[in-house]
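When the letters of the sequence shown are read in order and numbered with numbering that gives the first Met the number 0, they come out as residues 0 to 611. Positions of the beta carbon are idealized from the N, C-alpha and C atoms, including for glycine. Source: prediction; values computed, not measured.
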Amino acid sequence: MSGLCGWIGYGATTAENRQIVERMAGPLARFDGSGVQALAWGGSALAVAASGDSAHLYQKEGLLVAVWGRVRFMDSRLAQLAQAEGVAKALADGWREGGETVLPLLEGAYDLCILDEAAGEAVLAVDRMGTQPLSYTLSGDGLVFGSSADAVILHPLAIPEIDPQGLYNYLYFHMVPGPDTIYTGQKRLLPGEYLVFRKGRAETKKHWEMQFLEGQKRPFDELKQEFLRLLRSSVSEAASDQEVGAFLSGGTDSSTIAGILGEVGGRPARTYSIGFEADGYDEMEYARIAARHFSTEHHEYYVTPDDVVAAIPQIAGIFDQPFGNASAVPAFYCARMARADGLNRILGGDGGDELFGGNERYAKQHIFSLYQRIPSLLRKGVLEPAVFGMPGGQRVSLVRKARSYIEQASVPMPARTETYNLLDRYGHGEVFTREFLATVDPGQPLSHLNETYRQAHAQSLINQMLALDLKFTLADNDLPKVVKACELAGMEAAFPFLNNEMVAFSARLAPELKLKGTKLRYFFKEALRDFLPDEIITKQKHGFGLPFGVWLQNHKPLQELAADSLNGLKSRNIVRAEFIDRLLGQHLAEHAGYHGTMVWVLMMLEQWFRQH
C-alpha cells in the first residue's frame, strides 16, 4: 500500500519522545513501506511515512511536511518554487509565510500533513473534492492518521472496533459516508477540510467550500468558449505528458474526455470499454460510436459471471471499509486492460453529472417540486381531498398515479430523494436483528442528508441537489469506487472534470443552464453538440452497471458465492436470518434485478469481514 500515514503524540521529555518515535517508526515502516521520517522534540513526537511515486517529504528547522498525491499551487511564485525545489519545500515556505492561508492555494488530488514545532501544532488536509482520503483517530494525547482506515487500525495505539452505526449506514447508503468510518472513534476528513491538532485536541475547519453564484448571466457563446478551453487544459493537466488512457462508457462525460484527450495529445486516445452479455445492460455500441467518431485506439472486454466471482473477494479486500457499489467490478476490469497495455494512469469522466446536472433524479425532483408551487390552500383544501377521497380511486390508473405523485411531492427534500431506498422499503425491523437495532440510530442517515443539504451555499433546487451529490455520490461513492478499482489493477486514476477551474466554472453557471425544465445538463450538451456524436448527446444515461441480479438467476458459482456469503453473515447477529432466507428465496424469485442489489450489498459486507 502506498500513501500517507503517521502518528503524533506527546511525552514528558525529549528523551521520552525519542523512544516513542523509535517505537512507532517500526509499525509505520511495516504498513507503509518506505519514506519514514521521525522527529522528537521537547513537547511532541511524530513519526510519518509517505510512500509511492507521488510522495513528497521535507524536514528542516522544526518543520516537517509530508504530501501524497498530485499537488499544484495557484500562486505563481510557489508554483515556480515547487518546480525547482519540490512540492513539499514550496508548501513549507508557504506555511512559514502564511500558516493555514496556504491551504486554499493548493489544487489537485492530495492529502498532507504539516508538523510545526514552533507553533506546537500539526495540520492534516485533503483536496477540495476529497479524491485522496485521510482517516484519523485520537488516542490519549496522540493522533493516528492514514490515507486508509486499514493503515490507522494497524497502529498499536488504535482500537479496531466495528461501529454498529457504520454498519447501519452502509446498508442504507451502500457505503459508509464521511466523516464517519466503519470503526468506532475513527473519522475521515471531508472534501476541502483540514484538521488542526494542538496539545491533544483536534479541530476541523474548511479550506474550501462549493459556493454557487446563481445570479451571473453571460452570453452562451462566451461560456462555450471558456468551457472548451477549460476542457482542453484540464485534460492536458490530468494527462501530464504521460502515456494515459481513458474510460469510455459511451456516455457524454467519458466520450468528451476521450475526444479531448486525442485532441490535446496529438494522437488517437487509448480508450477502454466494458460490455455485458445481458439485455438492457450492454452499452458497448455507444462506446464504439464514440471510438469511431474520435478515431480512438479502442479496447473492449466483456465481463462474464465468472469474472465477477473471481473479482468479488479482491474488490472487498481493496476497500478499507464495506463498499457496495457493484460498478467497481467493471471499473477494475477496464483498468486492468489499460495496465496490460503498459499504462499507469487512466482518465475518468466522474464529476460531470454532479457539476453540470446529469442525473435523472434532478429532472424527477424538479417535477415533484412543481407541486409545492401550488398555493397551500388549493393543495390541502381542494386537490388532496378530491384525489384521496374519491371512492374506488385505487382502481383507476390516473387517480393512483396522482396519489403517488402527491405522496412523493409532499415529502420534503432531501428525504424525497430516498423514497425508493431499499432499506426503507424492506423496513429496518425486518432486516436487522433486535439486538443490533438497539445499538444504532435508524434516523441518522436522514439526519446526515439533511445536515449536508442545509449547508449548501445555493438557492436553487438543482444546485442544492448538486451540492448533496458532490458529497454523497461523488466523494463518498464514485471516486472511491474508481480510485480503489484502479489501485487493485495497479493503475492511477485522474479526473479532469474535478480541475479547480472547471469546478469554479460550473459554480458560476446559471441553474437553468444545468437543468432546463427537465432537460438534463442543457449547457453541457449544447456546448458540445458540434463535438460529440448526436447518438451520444441524446442517449439515456447508463454507465458501467453490473447485471448481477440477472446473472444470479442462472450462474451456479455466483449463486453459491452469494448464498455462502449471506449464510455466513447470519452468524454475526446483524441481519435477521429470516430476512436472508426470504431474500435468497421469495424476493429473488419475484424480481432478481431489484432484490439482487440487496444480495450484493450483504454479500460484499460479509466478504469485507472475511478479507479484513
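Compute the distance between the beta-carbons of Asp-252 and Phe-496, then report whether it is under 8 Å.
Contact: yes.
Taking all protein chains shown into account, decide if Ala-330 is buried (16 or more other Cβ within 10 angstroms of its Cβ) or exposed.
So Ala-330 ends up on the buried side.
Roughly how many angstroms lie between the CA atoms of Arg-507 and His-611, to the nearest whole one?
Going by the C-alpha atoms only, they are around 44 Å apart.
Let me confirm a value: Ser-403 is counted as buried when at least 16 other C-beta atoms fall within 10 Å, else exposed. Which label applies?
Answer is exposed; the Cβ neighbour count stays below 16.
Between Val-302 and Val-328, is the Cβ-Cβ spacing less than 8 Å?
Yes, the Cβ-Cβ distance between Val-302 and Val-328 is below 8 Å.
Just list the residues that DSSP pairs Ile-579 with in beta bridges.
Paired residue(s): none; Ile-579 is not in a bridge.
What does the alpha-carbon distance come out to for the pair Thr-136 and Phe-387?
In a straight line, the C-alpha of Thr-136 is about 52 Å away from that of Phe-387.
How should Thr-180 be labelled, buried or exposed, when 16 other C-beta atoms within 10 angstroms of its C-beta is the threshold for buried?
Label assigned to Thr-180: buried.
Quick one, are the C-beta atoms of Val-125 and Pro-190 less than 8 Å apart?
It is a contact, given that the beta carbons lie within the stated cut-off.
Tell me, please, which residues DSSP counts as bridged to His-55.
Paired residues: Val-66.
State the beta-bridge partners of Arg-528 as determined by DSSP.
Answer is none; Arg-528 lacks a bridge partner.
Do the region 473-483 and the region 369-378 meet, that is, are 3 or more Cβ pairs less than 8 Å apart?
No contact exists between the region 473-483 and the region 369-378.
For Arg-670, count the other beta carbons within 10 Å of its own beta carbon; 16 or more makes it buried, fewer makes it exposed. Which is it?
Beyond the ends of the chain as shown, which are 0 and 611, falls residue 670; an answer cannot be given.
Give me the Cα-Cα distance between Trp-599 and Tyr-182, rounded to the nearest whole angstrom.
Roughly 22 Å separates the two Cα atoms.
Could you tell me the alpha carbon to alpha carbon distance between Asn-572 and Asp-423, rounded to whole angstroms?
Looking at the two C-alpha atoms, the distance is approximately 20 Å.
Relative to the C-alpha of Leu-260, which residue among Arg-197, Asp-92, Leu-227, Ile-536 is closest?
Among Arg-197, Asp-92, Leu-227, Ile-536, the Cα nearest to that of Leu-260 is on Leu-227.
What are the boundary residues of the beta strand (DSSP E) that includes Ser-134?
Its beta strand (DSSP E) spans residues 134-138.
Can you give the beta carbon distance from Tyr-109 to Arg-69, rounded, assuming they're within the 8 Å contact cut?
Their Cβ separation, rounded to whole angstroms, is 7 Å, which keeps Tyr-109 and Arg-69 in contact under 8 Å.
Classify Ala-277 as helix, strand or coil using the three-state DSSP reduction.
In this structure, Ala-277 counts as coil in the three-state DSSP scheme.
Should Tyr-419 be labelled buried (16 or more other beta-carbon atoms within 10 Å of its own) or exposed?
Result: exposed.
Determine which residues share a DSSP beta bridge with Phe-196 and list them.
Bridge partners of Phe-196: Ala-121, Ala-201.
Where do the ends of the alpha helix (DSSP H) carrying Gln-443 lie?
Start and end: 443-453.
Nearest CA to the CA of Ala-615: which residue from Phe-144, Leu-62, Arg-127?
A query on residue 615 cannot be resolved here, the shown segment of the chain reaching from 0 to 611 and no further.
Would Val-381 be called buried (16 or more neighbouring beta carbons within 10 Å of its own) or exposed?
Burial call: exposed.
Exposed or buried, which one is His-590 when buried takes at least 16 other CB atoms within 10 Å?
Label assigned to His-590: exposed.
Does DSSP put Ile-161 in a helix, in a strand, or in coil?
Three-state DSSP puts Ile-161 in a strand.
Classify Glu-236 as buried or exposed, calling it buried when 16 or more other Cβ atoms lie within 10 Å of its own Cβ.
With 16 or more other Cβ atoms within 10 Å, it is buried.
Does Gly-442 come within less than 8 Å of chain B when only Cβ atoms are used?
The chain inventory of the structure shown lacks chain B, comprising one protein chain alone.
Roughly how far, in whole angstroms, is the beta-carbon of Glu-296 from the beta-carbon of Arg-269, given that I think they are within contact range, below 8 Å?
At roughly 5 Å, the Cβ-Cβ gap stays under 8 Å, so Glu-296 and Arg-269 are in contact.
Please list the terminal residues of the continuous alpha helix (DSSP H) segment that includes Lys-88.
Taken as a continuous stretch (DSSP letters only), the alpha helix (DSSP H) holding Lys-88 covers 86-97.
What is the rounded straight-line gap between the Cα of Pro-321 and the Cα of Lys-216?
Going from the Cα of Pro-321 to the Cα of Lys-216 covers about 44 Å.
Which residues share a DSSP beta bridge with Gln-371?
DSSP, once it has assigned bridges, lists no residue as partnering Gln-371.
Do Met-464 and Tyr-300 have their C-beta atoms closer together than 8 Å?
No.
Assign Val-86 to one of two classes, buried (16 or more other C-beta atoms within 10 Å of its C-beta) or exposed (fewer than that).
Classification of Val-86: buried, given that the 10 Å Cβ count is 16 or more.
What is the rounded straight-line gap between the Cα of Glu-434 and the Cα of Tyr-169?
Distance between the alpha carbons of Glu-434 and Tyr-169 is about 18 Å.
So what does Asp-179 bridge to, in DSSP terms?
Note: Asp-179 sits in a beta bridge opposite Lys-186.
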